[in-house]
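At the far end of the sequence shown sits residue 363, using the numbering used here, and the numbering has no gaps.
To start, the structure itself, in structure tokens.
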Amino acid sequence: MTTSLAPEPQSSAGAPPESLPAYVYDLTELDGHMRRVRAALGDVEVYYAVKANPDPRLLRTLAPYVDGFEVASGGELAHVREHFPGAPVALGGPGKTDAELFADVTRLHVESPSEIHRLLAAGRAADVLLRVNLDIPIEGASLAMGGGATPFGMDPAGIAECLALLEGQETVRARGIHAHLASGLDASRMLEVAATVLDYARGLGMSEINLGGGMAVSYAEPDRTFDWETYGSGLAGLRRPGEVLRIEPGRSLTVYCGRYVTRVIDVKRVHGELFAVVAGGTHHLRTPATKGHDQPLIIGEPGEPTTIVGQLCTPKDVLARRVPISLKPGDVLEFTMAGAYAWNISHHDFLMHPKPGFHYVTR
Ligand SMILES: *Cc1c(COP(=O)(O)O)cnc(C)c1O
Numbered sequence: 001m002t003t004s005l006a007p008e009p010q011s012s013a014g015a016p017p018e019s020l021p022a023y024v025y026d027l028t029e030l031d032g033h034m035r036r037v038r039a040a041l042g043d044v045e046v047y048y049a050v051k052a053n054p055d056p057r058l059l060r061t062l063a064p065y066v067d068g069f070e071v072a073s074g075g076e077l078a079h080v081r082e083h084f085p086g087a088p089v090a091l092g093g094p095g096k097t098d099a100e101l102f103a104d105v106t107r108l109h110v111e112s113p114s115e116i117h118r119l120l121a122a123g124r125a126a127d128v129l130l131r132v133n134l135d136i137p138i139e140g141a142s143l144a145m146g147g148g149a150t151p152f153g154m155d156p157a158g159i160a161e162c163l164a165l166l167e168g169q170e171t172v173r174a175r176g177i178h179a180h181l182a183s184g185l186d187a188s189r190m191l192e193v194a195a196t197v198l199d200y201a202r203g204l205g206m207s208e209i210n211l212g213g214g215m216a217v218s219y220a221e222p223d224r225t226f227d228w229e230t231y232g233s234g235l236a237g238l239r240r241p242g243e244v245l246r247i248e249p250g251r252s253l254t255v256y257c258g259r260y261v262t263r264v265i266d267v268k269r270v271h272g273e274l275f276a277v278v279a280g281g282t283h284h285l286r287t288p289a290t291k292g293h294d295q296p297l298i299i300g301e302p303g304e305p306t307t308i309v310g311q312l313c314t315p316k317d318v319l320a321r322r323v324p325i326s327l328k329p330g331d332v333l334e335f336t337m338a339g340a341y342a343w344n345i346s347h348h349d350f351l352m353h354p355k356p357g358f359h360y361v362t363r
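See below:
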């Protein structure tokens, strides 16, 4: 299903029209984006959060710019090991099975005191970061994994319990602190959160700190990208000599390189409202349904507000509402910002429609 195509200045963004719907990944865009992000971050280590998009071609494009990969399951770990044997890997996530907890990884992100109990009982060597959920206000986040009661990480009492368990032995080594508290914060808010996490880690005498991912992207204003320069220089200012700072972004790295390209099957007016039904839908691109946004798209000819829906028999199969665009059957539509949490979070088998094509464009 995967082919590599030369760029074509056509409306299907590099996908042959007969293969639509299709995902088109612009590897040149990803390379350029990664180069800028890497340059902005100086000495800060970057692990790519594989769950955002594990496509091997994307991983290969971004690998030269990252220090490692962050995985959240045994499946992702096996996938990274297959494509990048020997690359540094951090494994995290709540509810680890024994196979996950005892995996041989560069860093294990511990989510609970019972994980420490299990490691010690099994006599397994591990280099761990303790995941903390600090009770700090997280305003403006699109998702909050911390700042209150959530199943992610531990409160400071849980961290203290882990440190007490680890005393007097060398097999399980506490290397530092991990914090992934929120997603959707801009650079200045991220820096405030980072300063709080750093204070906390220093209070415990820890010098390795993973500040997580969650850098904001805007589906409403695609041009408003995360300010990596401000974040990078801010972290450089916060970092003290001897400290290792690491981040693990996902969405903000790969979201922009992917497009979901499809064509209009039907246009109809129902009770006064105009609908365009496209081939495919949210079973290929679940992002707008799960996040409750309108997926951005390229507007060719402007027109009457049109709600763009997919082929599923559910009112939730909406890709974008009341878009001012002129559409007729056969027109090609390109949804942008479909490179992260898009295909890989979608319910592909619902209604048994065909899968999309996958195309990789380099310029
Ligand atoms: C999902 C996740 C990330 C990546 O988050 P993005 O919003 O994609 O940047 C990083 N760390 C952890 C622990 C995660 O669960």
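A virtual CB, placed ideally from N, CA and C, is assigned to each residue, including glycine.
Can you check which of these residues, the options, is closest to residue i by C-alpha distance?
i: P324; options: S114, A340, P305 and Q295; result: P305
i: T355; options: L285, E229 and I209; result: The sequence shown places Lys at residue 355, not Thr. Nearest option by C-alpha distance: L285.
i: V66; options: A90, E82 and V277; result: A90
i: I209; options: D31, Y47, H33 and S19; result: Y47
i: S346; options: L245, N53, G176 and V80; result: N53
i: F152; options: F226, M206 and K96; result: K96
i: L163; options: S326, E115 and S218; result: E115
i: A340; options: R251, L245 and P64; result: R251
i: V361; options: E29, L20, P17 and G68; result: E29
i: A220; options: A201, S142 and E273; result: S142
i: H178; options: R202, T262 and D31; result: R202
i: M337; options: D266, R57, S19 and V217; result: V217
i: G86; options: G93, D227 and A78; result: A78
i: V44; options: G303, K268, P222 and G242; result: G242
i: A342; options: L319, L333, L327 and E139; result: L319
i: V264; options: K328, R224, N133 and D317; result: K328
i: R35; options: T307, H353 and E229; result: E229
i: A289; options: I308, L166 and D317; result: D317
i: P302; options: V309, D55 and R322; result: R322
i: L166; options: H117, A39 and M206; result: H117
i: H353; options: K268, I308, G280 and V309; result: G280
i: V37; options: E248, P315 and F84; result: E248
i: A157; options: V80, Y200, S207 and A103; result: Y200
i: P64; options: D31, E70, R189 and V80; result: D31
i: A122; options: E70, F102 and I308; result: F102
What does a CB cutoff of less than 6 Å around residue i pick up in its chain, not counting 5 residues either side in sequence?
i: G74; result: A99 and E100
i: L191; result: G234
i: F335; result: Y260, Q295 and L297
i: D349; result: none
i: A126; result: L108, L119 and V172
i: L41; result: G232
i: E82; result: none
i: T2; result: Confidence at T2 is low in this model, with a pLDDT of 41, below 50, so its placement is unreliable and no value can be given for it.
i: D227; result: A187
i: I299; result: I325
i: H293; result: Y219
i: R239; result: L245
i: V255; result: V217, M337, G339 and A340
i: E18; result: none
i: A144; result: I138 and A182
Rounded C-beta distance between residue i and residue j? I'm assuming under 8 Å.
i: H359; j: A15; result: 5 Å
i: E111; j: R131; result: 5 Å
i: V128; j: R175; result: 6 Å
i: V138; j: G146; result: The sequence given here has Ile at residue 138, not Val. Sure, about 7 Å apart at Cβ, within 8 Å.
i: T262; j: L62; result: The Cβ separation is near 26 Å, so there is no contact.
i: L333; j: V277; result: Not quite, the Cβ-Cβ distance comes to about 11 Å (not below 8 Å), so this is no contact.
i: Y23; j: G258; result: 6 Å
i: R57; j: Y25; result: 7 Å
Tell me, which residues are paired with residue i by DSSP?
i: S183; result: L143
i: R269; result: L274
i: N210; result: H178 and R246
i: L108; result: L91 and V128
i: P305; result: P324
i: T262; result: L333
i: R173; result: D127
i: L297; result: F335
i: D26; result: V361
i: M154; result: V132
i: M215; result: L185
i: V71; result: L91
i: V318; result: V309
Leaving out the 5 sequence neighbours to the left and right, which residues in its chain are closer than 7 Å to residue i when beta-carbon positions are compared?
i: G214; result: H180, A182, S183, G184 and L185
i: A72; result: K51, G92 and G93
i: N344; result: N53 and P54
i: P88; result: D67, G68 and T106
i: A194; result: L211, L235 and L238
i: R224; result: S218
i: T196; result: L134 and I136
Apart from the five residues on each side of it in sequence, which residues of its chain come closer than 8 Å, Cβ to Cβ, to residue i?
i: L351; result: H283, Q311, L312 and C313
i: L5; result: Interpretation of L5 is limited by its pLDDT of 42, a score under 50 that renders its predicted location unreliable; the figure taken from the coordinates is listed afterwards. For L5, where only same-chain residues beyond five positions count, the Cβ hits under 8 Å are G14, A15, P16, H359, Y360 and V361.
i: Q169; result: L120
i: V267; result: L274, F275, A276, V277, T306, L327, K328 and P329
Secondary structure, beta strand (DSSP E): runs of 3+ residues fully inside the segment 30-68: If only complete runs of 3 or more residues are kept, the segment 30-68 shows the beta strand (DSSP E) at 45-49, in order along the chain.
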